[in-house]
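Participant: Residue numbers (our numbering), protein chains in the order written: chain L, 99 to 368; chain A, 222 to 511. C-beta: ideal position from N, C-alpha, C; glycine also. Computed from a predicted structure; not experimentally measured.
(1) Would residue 116/L pass as a contact of residue 326/A if the rule is Cβ separation under 8 Å?
(2) Secondary structure at residue 108/L, three-state DSSP: helix, strand or coil?
(3) Anything in chain C within Cβ reach of residue 388/A, meaning under 8 Å, just list it in chain order.
(4) Can you tell me whether residue 439/A is buried or exposed, with buried defined as 16 or more other CB within 10 angstroms of its CB?
(5) Quick one: give me the first and last residue of the alpha helix (DSSP H) that residue 393/A is part of.
(6) Are the C-beta of residue 486/A and some C-beta of chain L separated by less than 8 Å?
(7) Please compile the residues from chain L whose C-beta is within a distance smaller than 9 Å of the C-beta of residue 445/A.
(8) Compare the C-beta of residue 324/A against all C-beta atoms of chain L and say whether one is closer than 8 Å.
(9) Tell me the rounded alpha-carbon separation between residue 198/L and residue 445/A.
(10) Alpha helix (DSSP H) containing residue 369/A: first to last residue?
(11) Please indicate yes or no: does the CB of residue 167/L lie closer than 7 Å to some heavy atom of the ligand FAD?
(12) Of the residues 321/L, 363/L, 351/L, which one's Cα is nearest the Cα of residue 343/L?
(13) Counting pairs of Cβ atoms below 8 Å between the region 345–359 of chain A and the region 266–275 of chain A, do you hit three or more?
(14) Do three or more CB pairs link the region 363–377 of chain A to the region 345–358 of chain L at distances below 8 Å?
(15) Contact check, residue 317/L vs residue 163/L under 8 Å by CB: the rounded distance?
(16) Just to make sure I have the definition right: I need the residues of chain A whose C-beta is within less than 9 Å of the C-beta of residue 222/L. Which are they?
(17) According to the neighbour-count rule (16 or more other Cβ atoms, all chains shown, within 10 Å of its Cβ), is residue 500/A buried or exposed?
(18) Between residue 183/L and the rest of its own chain, which residues show a CB-CB distance below 7 Å, the 5 nearest in sequence each way excluded?
(19) To the nearest angstrom, report how far apart residue 332/A and residue 301/A are at their CA atoms.
(20) Among residues of its own chain, excluding the 5 on either side of residue 514/A, which ones have a beta-carbon nearer than 7 Å to its beta-carbon?
(21) Reducing DSSP to helix, strand and coil, say where residue 231/L ends up.
(22) So, for residue 365/A: in the same chain, excluding its five sequence neighbours on each side, which residues have a beta-carbon less than 7 Å away from its beta-carbon?
(23) If the criterion is Cβ atoms closer than 8 Å, does the pair residue 470/A and residue 170/L meet it?
(24) Measure the CB-CB distance between residue 227/L and residue 311/L and report whether it falls below 8 Å.
(25) Decide if residue 413/A is buried, meaning its Cβ has at least 16 other Cβ atoms within 10 Å, or exposed.
(26) Per DSSP, residue 259/A forms a beta bridge with which residues?
(27) Assess contact between the region 186–195 of chain L and the region 294–313 of chain L, defined as three or more Cβ pairs (one per stretch) separated by less than 8 Å. Is contact present?
(28) Run through DSSP, which three-state label would residue 194/L get?
(29) Of all the CB atoms in chain A, is at least one closer than 8 Å to the CB of residue 109/L?
(30) Let's test the definition: count the other Cβ atoms within 10 Å of the Cβ of residue 207/L and tell me whether it reaches 16, buried, or not, exposed.
(31) Determine whether the Cβ of residue 333/L lies closer than 8 Å to any Cβ atom of chain A.
(32) Compare the C-alpha of residue 242/A against each of 362/L, 196/L, 160/L, 210/L and name the closest.
(33) Output, in chain order, the set of chain A residues within a Cβ distance shorter than 9 Å of residue 355/L.
(34) Assuming residue 242/L and residue 291/L make a contact with CB atoms under 8 Å, what is their CB distance in whole Å?
(35) State the DSSP-derived secondary structure class of residue 459/A, mapped to helix, strand or coil.
(36) Report buried or exposed for residue 315/L, applying the criterion of at least 16 other Cβ atoms within 10 angstroms of its Cβ.
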C-alpha cells in the first residue's frame, strides 16, 4: 500500500499543485514585463519592457490609493491595539458581575462581521457625516473581537505574582497593563498586527460602499475601478497595476515570510 | 473576590463595547426593525408594514436563486478547501524536498487581495485568449465560456475561492500537526500500519478540533466573501452566480431599496446564527477523537 509509486505520485501532486497555486502571480509578472502582444502569447524570447508600469502608473492615482490604504490600515491597527488591550485585560484579570455577558457581547462580532451590516452601518456613517473619509472606512473595525479574544487568552496566562509584585512596586492600574502585560504579550501583538494589516489592506466591500472619491479610496477599490472592462485597459497594464498594488505587501511578506506564517499559526491555535 | 460593581473593569471595557455595540449590535437590531418597515424613498418617513417585506421575499425568484447558489457555493468550496488544506499541510510537514517553497507557494494567495488577483483570474477565464482555454486548445479541446455560461459561472467562482483560501486553512492544520507527538506515528509504523491507515485512524481524528474550527471559518467565508464577484461575474449571467451578500449590496446600493436589503440581511443574520449554533453545539460537546 505504502508503495514507492504512491509516494512518487504524492510528491508529484505536491509540486504540481504548488505550481498551479503560484500560476496567477507568475502570469502577472509575465504580462507586466512584456509588450501587450505577448500578454496572451507565450514565447521564450519575448522582449522585456517596463512600459506597462509607466502606463499603469499614469492611468490611475496609485500613489494616492496606496497612501489612503496606509492611513486607513494605520488608524485601524492603532485603535485596535489600544482598545483590545484595555478590554482584553478587563476580561482576563478583573472579576466582576456581568463579565460573561460582556464577553458574549464581544464574541458576537466574530460571527456578525461589519461587512454583513453594510446597509445600516452606511446609514450610521451618513448620520455622522463621515462618508468618504479615512476615519469612516476604519470606524466599524476600530474594535476587534478577534483581538480582544487573543489578548484575553494571553493575559490569562500571566502569573498573578507578577501583577502583585508590580502593585507593591507602586504601579497603578494602567501602569501595570503598560509595563507588565503589554511587554509579555509581544508575540500576540505581532501576530494580531500582521493578521489585521493583511485583512484591512485587502478589505474591499465596506471601503467600496463608503468611499466616493480619490481622497479616501483605498487600493482595492481603486483596482476594481482600474480593472473594470469599461475603462478599456489591456491585460499587460492591468497586470502591471496589480503588481504595483500588491507589491508592498508581497515584498513585506517575502522578507518576513517565516514570521508571517508563524504569526498566522500563533493566532490560529488560540 | 467578586465585586458587585467594578467601575474600573467597565471603564476599561467602555471603548471596545461602545464601538462594538454601535457597529454590530445596534445595527443588527435596526436591521430587524427596518425589515418590518417601508417607505417610497429614503427621504420619506418609513411606515410599519409588518411581514410584508417577507412576503415579497418569499415571492422573489432571485432571492431563492441566490440562496440556492450560496448553498451550492458552500458545498462546493468548504469540503474541497478543507481536503486540500489537509493535503498541503501533510506535504509541507513531510520529509520531501523544498517544503519551504511549497509552504510559500500554498500560502501566497492568502496575502494577496481578492480584488486584484480576480483581475488575473478574469484573464485565465476569458473565452478565446484566456490561459485555461489556450491550455485546453493544446490538447484539442474547445474550451467553454467559463464566466459567461450560466452552468459554469458559479463553479468558476468556486475554483478561484478554493485557490484563495486553501493555503490559509493549511496554516491551522500545520500548527496542529506540529503539536502531535512523533512517537505516536513511530509506534504505528512499528505496528506495520500503512500511510493511509495511519492517516485515517490517527492523524485525521487527532486533527478533528482543527477541522471543526476550519469548517466554521470556511462556512463564514462562503457567506461573507463576495469580492471576486465584483470583478468576475457581477452575479451574472442572469444571477447564475449571484450570492446573498452581493444581492444585498445590489439591492441597497444599485436598486436603492434599503428596506428590502434589510430584509435580505435578516436572512443573512439567520444563516450566521445557524453557523454559530453549530459551533456552540460542537465546541461545547468537545468532540475530540476516540
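Facilitator: In terms of the structure at hand:
(1) Counted from its first residue, the first chain places residue 116/L at position 18. Counted from its first residue, the second chain places residue 326/A at position 105. Residue 116/L is a Cβ neighbour of residue 326/A, given a cutoff of 8 Å.
(2) Along the first chain, read from residue 1 onward, the residue named residue 108/L stands at position 10. Looking at residue 108/L - three-state DSSP - the assignment turns out to be helix.
(3) Annotation note: the requested chain C is absent from the structure, which comprises protein chains L and A.
(4) Translated into the one-based positions of the second chain, residue 439/A becomes position 218. Its Cβ being crowded by 16 or more others within 10 Å, residue 439/A is buried.
(5) Position 172 of the second chain, counting from 1, holds the residue named residue 393/A. Residue 393/A -> alpha helix (DSSP H) spans 374–398.
(6) What you label residue 486/A is simply residue 265 of the second chain in a count that begins at 1. Yes, residue 486/A lies at the interface with chain L (some Cβ there is under 8 Å from its Cβ).
(7) Taking the second chain and counting its residues from 1, one reaches residue 445/A at position 224. Per Cβ cutoff of 9 Å: 211, 213, 214, 303.
(8) For the purposes of this step, residue 324/A is taken as residue 103 along the second chain, with counting starting at 1. Chain L contact via Cβ: present.
(9) For the purposes of this step, residue 198/L is taken as residue 100 along the first chain, with counting starting at 1. For the purposes of this step, residue 445/A is taken as residue 224 along the second chain, with counting starting at 1. Residue 198/L and residue 445/A: Cα-Cα distance of roughly 27 Å.
(10) Residue mapping note: residue 369/A aligns to position 148 of the second chain, counting from 1. It is not in any alpha helix (DSSP H) - residue 369/A carries neither H nor E in the DSSP assignment.
(11) For the structure depicted, the ligand FAD is absent and the ligand set is empty, with no information on it obtainable.
(12) Position 245 of the first chain holds residue 343/L. Comparing Cα-Cα distances from residue 343/L to each of 321/L, 363/L, 351/L, the minimum goes to 321/L.
(13) no
(14) no
(15) Numbered from its first residue, the first chain carries residue 317/L at position 219. Numbered from its first residue, the first chain carries residue 163/L at position 65. That pair is a contact at about 5 Å.
(16) Mapped onto the first chain, residue 222/L falls at position 124. Neighbours of residue 222/L on chain A, chain order: 243, 244, 247, 248, 251.
(17) Here residue 500/A refers to the residue found at position 279 of the second chain. With 16 or more other Cβ atoms within 10 Å, it is buried.
(18) Locating residue 183/L in the first chain gives position 85, where the first residue counts as 1. Same-chain partners within the cutoff: 249, 275, 280.
(19) Counting from 1 along the second chain, the entry for residue 332/A is found at position 111. Counting from 1 along the second chain, the entry for residue 301/A is found at position 80. Their backbone Cα atoms lie some 20 Å apart in a straight line.
(20) Outside the modelled stretch of chain A, which goes from 222 to 511, sits residue 514/A, for which no answer is possible.
(21) Numbered from its first residue, the first chain carries residue 231/L at position 133. Secondary structure at residue 231/L: coil, using DSSP grouped into helix, strand and coil.
(22) Locating residue 365/A in the second chain gives position 144, where the first residue counts as 1. Within the same chain, residue 365/A has close Cβ partners 373.
(23) Here residue 470/A corresponds to residue number 249 of the second chain, with the count starting at 1. Here residue 170/L corresponds to residue number 72 of the first chain, with the count starting at 1. No, the pair does not count as a contact, with Cβ atoms beyond the cut-off.
(24) As a position in the first chain, residue 227/L is number 129, starting the count at 1. As a position in the first chain, residue 311/L is number 213, starting the count at 1. No, Cβ-Cβ distance for residue 227/L and residue 311/L is not below 8 Å.
(25) Counting from one through the second chain, the residue named residue 413/A turns up at place 192. Exposed is the call here.
(26) Against the second chain, residue 259/A aligns to sequence position 38. In the DSSP output, where bridge partners are listed per residue, residue 259/A has 268/A.
(27) These segments do not touch.
(28) Position 96 of the first chain, counted from the start, is the residue given in the question as residue 194/L. Reduced to three states, the DSSP call for residue 194/L is strand.
(29) Indexing the first chain from 1 puts residue 109/L at position 11. Yes, its Cβ sits closer than 8 Å to a Cβ of chain A.
(30) Within the first chain, numbered from 1, the residue matching residue 207/L stands at position 109. Classification for residue 207/L: buried.
(31) In the first chain, the residue the question calls residue 333/L occupies position 235. Taking Cβ atoms only, chain A reaches closer than 8 Å to residue 333/L, which makes this a yes.
(32) Translated into the one-based positions of the second chain, residue 242/A becomes position 21. Residue 242/A has its Cα closest to that of 210/L, out of 362/L, 196/L, 160/L, 210/L.
(33) Working through the first chain from its first residue, we reach residue 355/L at position 257. Neighbours of residue 355/L on chain A, chain order: 321, 324, 325, 328.
(34) Working through the first chain from its first residue, we reach residue 242/L at position 144. Working through the first chain from its first residue, we reach residue 291/L at position 193. No, residue 242/L and residue 291/L are not in contact; Cβ-Cβ is about 11 Å, not under 8 Å.
(35) Along the second chain, one-based indexing puts residue 459/A at 238. Three-state DSSP puts residue 459/A in coil, outside helix and strand.
(36) For this step, residue 315/L is matched to residue 217 along the first chain. By the 10 Å Cβ count, residue 315/L comes out buried.
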